[in-house]
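Chemist:
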Amino acid sequence: MQDSQHLERVRLNFVMFGIPKGTKGDCSDGYLKIYLKGQETTDSYDKFDYEMCGDESKPMVVVSDGPRLVMVFSSGELMGRGFKANYTFETEYRIPGTAAPDGSCSFTYRSTSKKKGEFNSPRYPSNYPSDTNCTYLFLATNNEQVTLVFDNFKIRADNVNTSIGSYGTSICQEDWIEIFNVYRDGTETKIGRYCHMSAPGPIESNRGATGLKLILHSDSDGVYSGFKARYSFEEAKSIFGDCGGNVSSQDHGILTSPNFPKDYNAPSKNQASKSCNWYITARPKYKILLVFEKFAVEGEPLGRGCPAAVLRLWIDLTSIPIELCGEKPVGDRTWQYVSTSNTMRFSFITADKAVGAQGFRAAWTEVIDGPSCDEFQCLKTGFCIPDKLRCNDIPNCGSDDDSDEMDCAADEQPQERFRASWVSALAAILLTVVLLCVICHRKRRRRRRRRGALRRAMCAPPVPGTSRQPPVHFCEELGERFASVDSV
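This note's numbering puts the first residue of the sequence shown at 18, with every later residue one more than the last.
1. Could you check the C-alpha separation between residue 435 and residue 452 for me, to the nearest Å?
2. Using only CA atoms, which one of 49, 88, 79, 332 lies nearest to residue 71?
3. Of all the options 311, 293, 333, 332, which has the alpha carbon lying nearest to the alpha carbon of residue 326?
4. Tell me the DSSP secondary structure of residue 227 in three-state form.
5. Within a Cβ cutoff of 7 Å, which residues of the same chain sit near residue 306, ignoring the five residues on either side of it in sequence?
6. Among the residues of its own chain, which have a CB less than 7 Å from the CB of residue 278, if the five just before and after it don't count?
7. Could you name the residues of the same chain whose beta carbon sits closer than 6 Å to that of residue 89, not counting the 5 residues immediately before and after it, in chain order?
8. With residue 50 as the anchor, note down where its beta strand (DSSP E) starts and where it stops.
9. Since residue 47 and residue 83 are thought to touch, with beta carbons under 8 Å apart, how far apart are those beta carbons, to the nearest angstrom?
10. Need the endpoints of the beta strand (DSSP E) that residue 162 sits in, please.
11. Give me whichever residues DSSP pairs with residue 106 in a beta bridge.
12. Quick one: give me the first and last residue of the beta strand (DSSP E) that residue 193 is part of.
13. For residue 291, which three-state DSSP category applies?
14. Kindly list the residues whose CB is nearer than 7 Å to the CB of residue 334, restricted to its own chain and excluding five residues on each side of it in sequence; keep chain order.
15. So what does DSSP say about residue 480, is it helix, strand or coil?
16. Using 7 Å as the cut-off, classify the Cβ of residue 49 as near or not near the heavy atoms of the ligand ZN, replying yes or no.
17. Taking 8 Å as the cut-off, decide whether the C-beta atoms of residue 269 and residue 396 are in contact.
18. Compute the beta-carbon to beta-carbon distance between residue 368 and residue 163, rounded to the nearest angstrom, for a pair I have assumed lies under 8 Å.
19. What alpha helix (DSSP H) runs, 4 residues minimum, are completely inside the segment 310–368?
20. Given a cut-off of 8 Å, decide if residue 214 and residue 171 are closer than it, judged by their beta-carbon atoms.
21. Under the three-state reduction of DSSP, which class applies to residue 59: helix, strand or coil?
22. Whose CA, out of 101, 126, 321, lies closest to the CA of residue 30?
23. What three-state label does DSSP hand residue 283 in the structure shown?
24. Looking at residue 242 and residue 153, is the spacing between their C-beta atoms short of 8 Å?
25. Of the residues 281, 409, 73, 78, which one's Cα is nearest the Cα of residue 97?
26. Run through DSSP, which three-state label would residue 112 get?
27. How many Å lie between residue 26 and residue 77 at the Cα?
28. So the beta strand (DSSP E) residue 271 belongs to, where does it begin and stop?
29. Give me the residue from 36, 124, 42 with the minimum Cα distance to residue 99.
Written out as structure tokens, the structure is:
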């Protein structure tokens, strides 16, 4: 049967088969021809899929490619046992992967069988059926992670919120997909619920998880075309991904995308995704305030979603993350988030189809949310922050509270006056030293001139016509002793 709701195929299971071959050892005498693709509708009986004869000791299974299977039997001249087969009609989902043996819409993808591949909703690109639940299980080996990237996405949703996007249990109530991390002990953690046109961002399984599970649900009403996606098993990364790290022992900081303010890059060749995971830990009893100063990540959260790049933010590590992409409008003062405890996780993932954008710059501050404050209390948000964070050109009070940056010029005037006084004093000291050096130098020159004149006077010969006995002199310039006597 085939209609908008049902798409079946025929499974033929032979339990006995015996049609004698002809004298030439072929099926020229008797045969069973099987047509799986509806060739009989065009009288193309020469284009059969199977021609069977002889004795088949092993059971044989034949599955039609669509809702039709035609068999043409010819007994020939030789007598034989004939054949016996069981047939069943089963739903044809047209989903690649290992199907469940019970015929349910459940498919498994194992790393040991295939490292990369595609998967899709039932019948894609045709509409998926209503009242359907399909499960896709991706199982990695030890020290592996699995990545999912969505290329097409259209899941019915009647209650679309145009302000926050199409994900979450409050929005996706008709048809939806949910994605989980799966662990060895049987536990699962939900990553998110998605619907409408907003494709999920690239998804990497957590380090330590055995893989991912995806569930597609449709109700009894209208349906859409569904989704098409890719999976890839790769060697496990650090818990921080390709970049990122632990952030602690600080009261504030800045996080940026790779290469910021230049564009971030797509993953390297043959790499399904690139990720950066930060874990911020504040002091006990503190919370974490995160403010995006710049944000430009490819995607449209209210349109096609974040299929190429996404920033996921866990303000509560026990809840599903917030997914962000697109661009923060200039002057928008609402891009801020506060953790529910003293921890926050921050993850940026790009897929192999990313083209790049500027990325983001986010400022985080540990704050106390309460009436009492021993340091600086923000005027609008009421957060208590360290007093030393005032006037640092960082929105430590929040994107819509600049009280920590107010009156900074008045506070800086005494410091500027002190700095100017210190510089002036230093300049005066240096000038005094220079003047003293000049004066000393001039005095030394004058002394040298006087000594030289005296020595020349003492070493000069007596005036002619005098009878006075010439004295004996020691002249340093000449380095010798002599007496001057006038000749008669």
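Here a beta-carbon is modelled for each residue, glycine too, at the ideal position from N, C-alpha and C.
Modeler: Working from what's here:
1. Because the pLDDT at residue 435 is just 49, under 50, the model does not fix this residue reliably, and the value given afterwards should be weighed accordingly. If you take the alpha carbons of residue 435 and residue 452, they lie about 26 Å apart.
2. 49
3. 293
4. coil
5. 353, 355, 381, 382, 384, 400, 415
6. 375
7. 50
8. 48–52
9. With 8 Å as the limit, residue 47 and residue 83 do not qualify as a contact, their Cβ atoms being about 27 Å apart.
10. 161–171
11. 27
12. 193–199
13. strand
14. 360, 362
15. Caution applies to residue 480, whose pLDDT of 49 falls short of 50 and renders its modelled position unreliable; the value that the coordinates give is listed next. Reduced to three states, the DSSP call for residue 480 is coil.
16. You won't find the ligand ZN in this model; it holds no ligand whatsoever.
17. no
18. Contact doesn't hold; Cβ gap of about 13 Å is too wide.
19. none
20. yes
21. helix
22. 101
23. coil
24. no
25. 73
26. coil
27. 17 Å
28. 269–273
29. 36
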